[in-house]
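Structure first, commentary second.
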Amino acid sequence: MLSLGLGCSSEENTGINTPDNNNTQNSQFPCENGMAGIYPCNGYDLMAEIDVLSLSGSSAERGSDIWGWTDPSNQKEYAIVALTNSTAFVDVTDATNPIFLGRIETNTNTSIWRDVKVYNNYAFIVADNAGAHGMQVFDLTRLRNLTSIPTTFTPDTTFNGVDSCHNIVINKNEGVAYLVGCSNNGGGPIFVDVTDPLNPTYLGEYTSAGYSHDAQVVTYSGPDTDYTGHQIYIGSNGNSDQVVILDVTDKNNVIQISSLTYPQTAYAHQGWFTEDQSYFILGDEVDEINYGFNTKTLVFDFTDLDNPSLSSTYFGPTPAIDHNGYVKGDEYYLANYRAGLRVLDISNISAPSNALVETGYFDSYPEDDNPDFNGAWSVYPYFESGNIIIGDIDAGLLIVRKSN
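Mapping of the sequence shown onto the numbering used here: position 249 corresponds to residue 244, and the numbering continues sequentially without gaps.
Below is the structure:
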């Protein structure tokens, strides 16, 4: 998220909503006649929700980022919910009966910009505009077999090689965290070895491409064989209005492969590769406000990393701002702020037009779809169960699932 215009939601604090039965994966509010309870929908049921007050302990707080963890010992699924004052942990294995387990408080002051990723059964948490917050590290296996809930946890360690950071990206194939948008280093990526999660080690940093707001890093296996096996960094560089492609294989000798911009730029916010690493889907966070068009999503052809090009542009059905988006198979899951979760079919992504087609949605902000900073901040669509978790600024945690 770039800027704030947050007001209190008109929705009442309902706390933890649970169904009348204990049948695992039964929908609390199926999507019927375009509604799931109070929420407009198309093809996605509401399983349960936990509001911000219940997660944060304060009516003054707001929600932000979200990520997930699946316990490899028993396949239990957990939501990790970033809040202005803390990071909350919720067992969502029984999606209609989520269990709030507790939270880690912020290391410093509150911040709307809190981000979390997972590697090797540990959560790594950063916060922006939060002083000397550092990177909190939490052993997620501590969530097993708790005897008292909710619990106030403390981090297992904190990496103090940074202060405030806007975001964290982890390339699991190399065990390296990329901290971006930090108060250190002008916001360029800072490289941290997290293969030993309790002893994060600084590896280097890169300044030449400027501030990165968000990024994705992959061990490259796409069509450009010049870079097979290399660690490739795609940076969405905010108000520099550009996307940068870096070879970060050698942390002491980062090579800029290319950069690109696009028409009607405002703030290059966040993007994600298709699974074959041929295309990159980007959202610009401010163009809907600056130019007055509907939600705009850009598709770039990355088949030649040295010469990326704009392939197509998608406009959604509402004027809401796009925020974080992630690819799973042939679907793109977009947290679309006041328009909630939108799900796009990307199976025809190479086409010059109609490359993306909306197939469903769950509108977590039913008041309106205006271009403002409320509603769905992020989404995590990667649970094997098929359940999808939404981190919402106003509503907190929502668990949804594709209708049968």
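Where is the CB? At the ideal position from N, CA and C, for every residue including glycine. Computed from a predicted model, the values in this text were never measured in an experiment.
{"Asked": "Opposing strand residues paired with Glu403 [DSSP bridges]", "Found": "This structure does not reach residue 403, given that the chain is present from -4 up to 399, and the question cannot be answered."}
{"Asked": "Opening and closing residue of the alpha helix (DSSP H) in which Asn37 lies", "Found": "First-last for Asn37: 34 to 37, but that is the beta strand (DSSP E), not the alpha helix (DSSP H)."}
{"Asked": "Range of the contiguous alpha helix (DSSP H) that encloses Glu283", "Found": "282 to 286"}
{"Asked": "In DSSP terms, what Arg396 is bridged to", "Found": "Asp40"}
{"Asked": "Neighbourhood of Gln20 by C-beta distance below 8 Å, restricted to the same chain and skipping five residues each side", "Found": "Residue placement at Gln20 is poorly supported in this model, since its pLDDT is 43, which falls under 50; the coordinates are not used for a value here."}
{"Asked": "Nearest neighbour of Asp236, chosen from Ser345, Tyr228, Val164, Val281 [CA to CA]", "Found": "Val281"}
{"Asked": "Status (buried if at least 16 other CB within 10 Å, exposed otherwise) for Ser348", "Found": "exposed"}
{"Asked": "Where Asp387 sits in the DSSP three-state scheme", "Found": "strand"}
{"Asked": "Close beta carbons around Pro145, own chain, < 8 Å, minus the five adjacent residues each side", "Found": "Phe95, Leu96, Gly97, Arg98"}
{"Asked": "For Val47, the first and last residue of its enclosing alpha helix (DSSP H)", "Found": "47 to 51"}
{"Asked": "Buried versus exposed, by CB contacts within 10 Å (16 or more), Met(-4)", "Found": "Residue placement at Met(-4) is poorly supported in this model, since its pLDDT is 49, which falls under 50; the coordinates are not used for a value here."}
{"Asked": "Any 3 or more C-beta pairs closer than 8 Å across the stretch 60 to 79 and the stretch 43 to 51", "Found": "yes"}
{"Asked": "Span of the beta strand (DSSP E), counted from its first residue to its last, around Ser203", "Found": "Per DSSP, Ser203 belongs to no beta strand (DSSP E) and is neither H nor E."}
{"Asked": "Three-state class that DSSP yields for Asp221 in the structure shown", "Found": "helix"}
{"Asked": "Completely contained beta strand (DSSP E) runs for the stretch 132 to 168, where each covers 3 or more residues", "Found": "146 to 148, 152 to 154, 162 to 166"}
{"Asked": "Beta-carbon gap between Val294 and Ser273 smaller than 7 Å", "Found": "no"}
{"Asked": "Ile384 versus Ala172 - alpha carbon distance", "Found": "23 Å"}
{"Asked": "Option in Asp242, Asn115, Ser51 with minimal Cα separation from Ser106", "Found": "Ser51"}
{"Asked": "Own chain partners of Asp301 with C-beta closer than 8 Å, once the 5 adjacent residues on each side are dropped", "Found": "Asp219, Asp221, Ile252, Ser253"}
{"Asked": "Start-to-end residues for the beta strand (DSSP E) that takes in Asp242", "Found": "238 to 242"}
{"Asked": "Reduced DSSP category for Gly29 - H, G, I as helix; E, B as strand; rest coil", "Found": "coil"}
{"Asked": "Cβ shell of Asp325 (< 8 Å), same chain only, five flanking positions each side left out", "Found": "Asp340, Ile341, Ser342"}
{"Asked": "Gln226 to Tyr215 span [Cα, whole Å]", "Found": "6 Å"}
{"Asked": "Cα-Cα separation between Gly183 and Tyr262, rounded to whole angstroms", "Found": "16 Å"}
{"Asked": "Arg333, enclosing beta strand (DSSP E) - first and last residue", "Found": "Looking at the DSSP string, Arg333 is not in any beta strand (DSSP E), and its letter there is neither H nor E."}
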